[in-house]
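Those sequence lines, one after another, are chains Y and Z. Be aware that the first sequence starts at 72, since it is given in the numbering used here, and climbs by one per residue. Be aware that the second sequence starts at 168, since it is given in the numbering used here, and climbs by one per residue. Take a look at the structure set out below.
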Amino acid sequence: MNVIINIFPKKEVLSPEAEAVKKSLSNLGFDNIEKLSLGKQITMTINEKSEKNVQKLASQMCEKLLVNSIIEDYKITILREN
Amino acid sequence: MRTGILVFPGSNCDRDVLVALQISSKKKPLRIWHKETEIPNLDLIVIPGGFSFGDYLRCGSIAAQSPIINALKDHSSRGGAILGICNGFQILIETKLLPGALITNLNLKFICKEVSLITQKTIKNPFTSGLKPGLKIKLPIAHNDGNYFANSELLNKLEGNGQIAFKYHQSENPNGSKNNIAGVLSENGRVLGMMPHPERSITTFHDSKDGKMFFDLLLDQLLG
């Protein structure tokens, strides 16, 4: 089963990278951006058929390694196979 | 006095820390590879700077999963002293032996320069108890991700408990750290993480010898 994990900085964490990208876009004339967040996307294929188990495994991966909960939030999206 | 240095793939300050500890303790420290699962009884473990595992994902996050970390946590639960310098600080943050987070420098630059640090009034600890609070010392920094972050609740707790060991001089916060924080102590005062490099400030060919003073006082305190 394919999984997408999106990791993004918490709202209260000022992200210097996001500020730099926003400023650069503004320099290009895109000056109507109110908020810009820059995160990470991790995609993986897990050899597991149960959606519930995939959700559980992905959550464990986030808690144990992929995410630092002090500065980051995450969202797990499971793609159903066609 | 027995000291040890953890070495990860990508550690690059282990040799400098070894020299600094050897000069101050007159004994050769033990080098401990990250794949080891046991640490002998030591008075101090230092986690040196570098770019452990290429700093992929987040600085220190992969090193924090190394086999040696369980032994490090056992050492900590026995009340053993641990010092993390730069990447070592980031690893201690990722192992949750120290609170907060370290994010990318506010100006998005790798900063390598000497900074002024002010020692803080802290809980009892072996690392700074020999230094008068308010003392200004000079040590070099060399990092890309040293911007200390904690939410206001945690910052108040750290300030209230006396868990902040060093602050950058207020006029020269180099990286955007909250409350100018450069070094943080654990709740019991036995673990210190700091971004500046005391091991790069020990001999006359370094600009300052404040790092030697730091290690001398630390080892004195540990000998008690």
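Think of the CB as a built atom: it goes at the ideal place given N, C-alpha and C, for glycine as much as any other residue. Since the model is a prediction, treat every value here as computed from it, not as a measurement.
By the criterion of Cβ-Cβ separation under 9 Å, what are the contact partners of residue i in chain A?
i	result
A91 (chain Y)	Given the protein chain composition of this structure (Y and Z), no chain A is represented.
Cutting at 7 Å between CB atoms, please list the residues of its own chain near residue i, excluding the five before and the five after it.
i	result
G267 (chain Z)	I260, Y315, F316, A317, L321, V351
I199 (chain Z)	G171, I172, L173, V174, I206, I235
Who are the near neighbours of residue i in its chain, counting only those whose CB is closer than 6 Å to its CB and skipping five residues on each side?
i	result
S95 (chain Y)	none
M380 (chain Z)	none
T262 (chain Z)	A231, I236
I304 (chain Z)	L284, D377
A447 (chain Z)	Because residue 447 (chain Z) is not part of the residues shown, which for chain Z are 168 to 391, the question remains open.
Rounded to a whole number of angstroms, what is the C-alpha to C-alpha distance between residue i and residue j?
i	j	result
F333 (chain Z)	A349 (chain Z)	5 Å
I278 (chain Z)	G360 (chain Z)	18 Å
K339 (chain Z)	G327 (chain Z)	It is worth fixing the name first, because residue 339 (chain Z) is Glu in this sequence and not Lys. E339 (chain Z) and G327 (chain Z): Cα-Cα distance of roughly 23 Å.
Q126 (chain Y)	D210 (chain Z)	43 Å
Q337 (chain Z)	L306 (chain Z)	15 Å
S244 (chain Z)	K194 (chain Z)	25 Å
L224 (chain Z)	K146 (chain Y)	17 Å
S375 (chain Z)	Q388 (chain Z)	22 Å
I331 (chain Z)	F294 (chain Z)	12 Å
D25 (chain Y)	L390 (chain Z)	Any property of residue 25 (chain Y) remains undetermined from this structure, which presents chain Y solely from 72 to 153.
From which residue to which residue does the beta strand (DSSP E) around residue i run?
i	result
P293 (chain Z)	Segment: none, P293 (chain Z) is in no beta strand (DSSP E) and carries neither H nor E.
V351 (chain Z)	348-352
N314 (chain Z)	314-316
M115 (chain Y)	111-116
I249 (chain Z)	248-252
Got a sec? Which residues, its chain only, sit under 8 Å from residue i by beta carbon, not counting five neighbours each side?
i	result
S108 (chain Y)	F79, P80, S86, A89
Can you tell me the Cβ-Cβ gap for residue i and residue j, rounded? I've got them flagged as a contact below 8 Å.
i	j	result
G247 (chain Z)	R357 (chain Z)	7 Å
S219 (chain Z)	G227 (chain Z)	6 Å
List the endpoints of the continuous alpha helix (DSSP H) containing residue i.
i	result
M132 (chain Y)	122-132
I236 (chain Z)	235-244
Would you call the segment 197-215 of chain Z in contact with the segment 252-259 of chain Z, where contact means no fewer than 3 C-beta pairs closer than 8 Å?
yes
Hey, is the segment 180-191 of chain Z in contact with the segment 368-380 of chain Z, meaning 3+ C-beta pairs nearer than 8 Å?
yes
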